[in-house]
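S.K.:
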Amino acid sequence: MKPMKWNVFFSLLVLNLFLSANAVNAQSTDVIRGKWVMISEDGKLEFTLKQDRKDDQENRYEHDFTASDFEGYRSGADVTFYLRRPAGTITFQGEIKSENGSGTYSFSPNGDFVKSMKGMGFPELETNEMMFLTFQGTGLDYLQSIKKLGYGDLNSGDLMAFIALDITPDFIHDLQDAGLKDLPASQVISNKALKIDGARIRSLKKAFGEDLSQDEITNLVAMQIDEQYVESVRKLGFDLSAEMLVQFKAMNIDASYIDEMKKSGYDQLDADMLVQFKAMNISPAYMKELAALGYRDLSSEDIVQMKVANVDKAYITEMNNAGYPNLSASQIAQFKLFKIDKRFIEKATNFNDGKKPSPDKLIQMKATMESPR
Numbered sequence: 000m001k002p003m004k005w006n007v008f009f010s011l012l013v014l015n016l017f018l019s020a021n022a023v024n025a026q027s028t029d030v031i032r033g034k035w036v037m038i039s040e041d042g043k044l045e046f047t048l049k050q051d052r053k054d055d056q057e058n059r060y061e062h063d064f065t066a067s068d069f070e071g072y073r074s075g076a077d078v079t080f081y082l083r084r085p086a087g088t089i090t091f092q093g094e095i096k097s098e099n100g101s102g103t104y105s106f107s108p109n110g111d112f113v114k115s116m117k118g119m120g121f122p123e124l125e126t127n128e129m130m131f132l133t134f135q136g137t138g139l140d141y142l143q144s145i146k147k148l149g150y151g152d153l154n155s156g157d158l159m160a161f162i163a164l165d166i167t168p169d170f171i172h173d174l175q176d177a178g179l180k181d182l183p184a185s186q187v188i189s190n191k192a193l194k195i196d197g198a199r200i201r202s203l204k205k206a207f208g209e210d211l212s213q214d215e216i217t218n219l220v221a222m223q224i225d226e227q228y229v230e231s232v233r234k235l236g237f238d239l240s241a242e243m244l245v246q247f248k249a250m251n252i253d254a255s256y257i258d259e260m261k262k263s264g265y266d267q268l269d270a271d272m273l274v275q276f277k278a279m280n281i282s283p284a285y286m287k288e289l290a291a292l293g294y295r296d297l298s299s300e301d302i303v304q305m306k307v308a309n310v311d312k313a314y315i316t317e318m319n320n321a322g323y324p325n326l327s328a329s330q331i332a333q334f335k336l337f338k339i340d341k342r343f344i345e346k347a348t349n350f351n352d353g354k355k356p357s358p359d360k361l362i363q364m365k366a367t368m369e370s371p372r
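Just so you know, the sequence shown maps onto residues 0 to 372 in numbering that gives the first Met the number 0.
Structure representation (structure tokens):
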């Protein structure tokens, strides 16, 4: 599976570090302190907060605000301003000059908010988690709305992911309207991270049928399988299931590869064999190389056997020059597997009264280590 977009992954990673780095049994009534710096750019105030920690490690969080988000925000050498949100208040002290600022901060959670959350059935959060809710501006109305949709029993990790990814009630409704009802929180999170919305689901179901499962949808999107890719494969005669299409895309089997295989004389390969060929790096060029050396109209099993043995142009030429120009696919594959080379053939011929052993005899001699003397 491609995995989620890097910007989403990085956001969740930063969130995880922010929430876990100071999670040393910090209760929701504790106060968090640290230092802040700010850079103003294009009307945005880019804040970086570094949290004080007992282990001397740095825990930081970044967020963009506007001046109107704060109470008492102004320039000056000794300023105090506040970010007041439902979950708590961050008090900033320090200096703001021109477009830059720095100082110290403290965060105090809102006790009433904590009690209300608990009364609604949500877990009691640690202070750093409450601070995250404050940054995001999360209110009780949001918690109430997702509870009504069946997500009132989220653990703290899933709740933080819902908020970090901006999973809204409208997004959940959109999934449900597209047929994905009663999804566990983890799958809602995965859908949002992969940008799977109702429109994407309906498009995939149109291509593959209404019984498309959540797992199949996830795999199709993660592998970036779109309608154009599906159509290009179908035009070449492959009306594949979602599962097989995922295997095709994972192996980078596209219309060009299929078309070149057909031009090489192998237009009857089924989907499973194409996957096996691609996994073994059996290319159209390899097929053409074999054909030029006399190995035409091979079965798929013969081709696989030759590739497994690493039979190539150089080895076929060596065996031709050594007096074995008409070996079958199976014989030359066995020759290569048993490491039969020109030198061994010469010794075997001498041992056989100057007559070249038959291919089967040569294989038998090598297999039983009946080395000529």
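Where a beta carbon is used, it is the ideal one built from N, C-alpha and C, also for glycine.
CB-CB under 6 Å to I171, same chain, minus the five flanking residues each way: which ones, in chain order?
M.R.: Once the five neighbours on either side are set aside, the close Cβ partners of I171 are L148.
S.K.: Just to confirm my understanding: we take D296, look at its own chain, exclude 5 residues before and 5 after, and list those with CB closer than 8 Å. What are they?
M.R.: Hits under 8 Å: G264.
S.K.: Express the C-alpha separation of L211 and V415 in angstroms, rounding to a whole number.
M.R.: Any answer about residue 415 is impossible in this case: the structure gives the chain only from 0 up to 372.
S.K.: Taking the straight line between their C-alpha atoms, what separation do you get for Q213 and L179?
M.R.: Approximately 7 Å between the Cα atoms of the pair.
S.K.: Express the C-alpha separation of I224 and E242 in angstroms, rounding to a whole number.
M.R.: Computed Cα separation, rounded: 11 Å.
S.K.: Output yes or no for whether 8 Å exceeds the beta carbon distance between Q304 and S329.
M.R.: Cβ atoms of Q304 and S329: closer than 8 Å.
S.K.: Can you check which of these residues, P108, G93, D41 and K43, is closest to I31 by C-alpha distance?
M.R.: Residue P108 is the option with its Cα nearest to I31.
S.K.: Measuring only the C-alpha atoms, how far is V232 from F276?
M.R.: Those two C-alpha atoms are separated by around 16 Å.
S.K.: Using the Cα positions of S115 and G156, report the straight-line distance between them to the nearest angstrom.
M.R.: Rounded to whole angstroms, S115 to G156 spans 19 Å at the Cα level.
S.K.: With distances taken from CA atoms, which of K341, I339 and M364 is nearest N351?
M.R.: Selected option, being the one with the closest Cα: M364.
S.K.: Looking at C-alpha atoms only, which residue of N325, A321 and F334 is the closest neighbour of K341?
M.R.: Comparing Cα positions, the closest option is A321.
S.K.: Please name the residue or residues paired with I38 in a DSSP beta bridge.
M.R.: Answer is E45 and N99, bridged to I38.
S.K.: Between M222 and A198, is the Cβ-Cβ spacing less than 8 Å?
M.R.: Not a contact, by the Cβ cut-off of 8 Å.
S.K.: Could you give the residue range of the alpha helix (DSSP H) that holds F64?
M.R.: No alpha helix (DSSP H) holds F64; the beta strand (DSSP E) holding it covers N58 to F64.
S.K.: Give, in chain order, every unbroken run of the alpha helix (DSSP H) that is at least 4 residues long and sits entirely within the segment 281-346.
M.R.: The segment 281-346 contains these whole alpha helix (DSSP H) runs: 283-291, 299-307, 312-320 and 328-336.
S.K.: With 16 as the cutoff for other CB atoms within 10 Å, does K376 come out buried or exposed?
M.R.: Examination of residue 376 is not possible in this model, given that the chain is present from 0 through 372 alone.
S.K.: Please name the residue in Q246, A254 and F207 whose C-alpha comes closest to that of Y228.
M.R.: Among Q246, A254 and F207, the Cα nearest to that of Y228 is on A254.
S.K.: Would you mind giving the Cβ-Cβ distance between G71 and T79, rounded to the nearest angstrom? I have them listed as a contact below 8 Å.
M.R.: Confirmed, about 6 Å.
S.K.: Which residues in the same chain as L336 place their Cβ atom closer than 7 Å to its Cβ, once the five residues preceding and following it in sequence are excluded?
M.R.: Around L336: A308.
S.K.: In the segment 132-219, which residue ranges form an unbroken alpha helix (DSSP H) of at least 4 residues, counting only runs that do not cross its ends?
M.R.: As far as the segment 132-219 is concerned, its whole alpha helix (DSSP H) runs of at least 4 residues are 139-147, 155-163, 168-176, 184-192 and 197-207.
S.K.: Candidates R201, N154, Y323 and A332: which alpha carbon is nearest I348's?
M.R.: Note on identity: in this sequence residue 348 is Thr, with Ile being the wrong assignment. Nearest option by C-alpha distance: Y323.
S.K.: Taking only the alpha-carbon atoms, compute the straight-line gap between K280 and M286 and give it to the nearest angstrom.
M.R.: Here the sequence assigns Asn to residue 280, which means Lys is not the residue at that position. Between N280 and M286, the C-alpha separation is close to 11 Å.
S.K.: Enumerate in chain order the residues of its own chain whose CB-to-CB distance from L292 is below 7 Å, with the five nearest sequence positions on each side excluded.
M.R.: Excluding sequence neighbours, L292 sits near K312 and I315.
S.K.: Can you pull the DSSP bridge partners for E259?
M.R.: Answer by DSSP bridge pairing: none, since E259 is not bridged.
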